[in-house]
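Here the sequence shown stands for residues 946 to 1056, numbered as in this note's numbering.
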Amino acid sequence: MNTNDICTIAEGLEWMVTIDNQFISFENFTSYGKNIVIEFSLTDSKELIKEFYDYIASYDVSYNAYIWLGNDGHGKNGAPYDMKDVYDSSREELELLEKLYNQLFDYYYYQ
């Protein structure tokens, strides 16, 4: 899997991809407006798949919702006011990440 394949897969899922000499980053937004940016070292495809898996495995929906809340329990930095929407956005973030990961994994191991 080369960087062109990665870009095609990610862009097909509406992710923006930035590649430089050492890193590849993926960017997207949840339907609630939360900006998602993840970055991995650009070593090889197998390492990218492993790093991506590790990132998703350690993703904590509740913690990510918590850090988007203000001290008063409502959204800050562009987060929705309703706490449920903040949580739902973090849940959606994980789902978007999993979908991208699964597509990359399937392409790498089954193509």
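C-beta: ideal position from N, C-alpha, C; glycine also.
#1: Between the alpha carbons of tyrosine 1011 and serine 1003, how many angstroms are there, rounded?
#2: What three-state label does DSSP hand glutamate 984 in the structure shown?
#3: Enumerate in chain order the residues of its own chain whose CB-to-CB distance from threonine 963 is below 6 Å, with the five nearest sequence positions on each side excluded.
#4: Starting from the C-beta of tyrosine 1053, find all residues in its chain whose C-beta is less than 8 Å away, skip the five residues before and the five after it, and write them out in chain order.
#5: Closest Cβ-Cβ distance between leucine 958 and chain D: below 8 Å?
#6: Which class does threonine 953 belong to by DSSP, given the choice of helix, strand or coil?
#7: Taking the alpha carbon of leucine 987 as the reference point, which residue from Thr948, Leu1041 and Ser1007 has its own alpha carbon closest?
#8: Tell whether a beta-carbon distance below 8 Å holds between glutamate 984 and phenylalanine 968.
In short:
#1: 15 Å
#2: strand
#3: Ser970
#4: Met946, Ser990, Lys991 and Ile994
#5: Structure shown: chain D not included; a single protein chain is present.
#6: helix
#7: Cα-wise, what sits closest to leucine 987 is Thr948.
#8: yes
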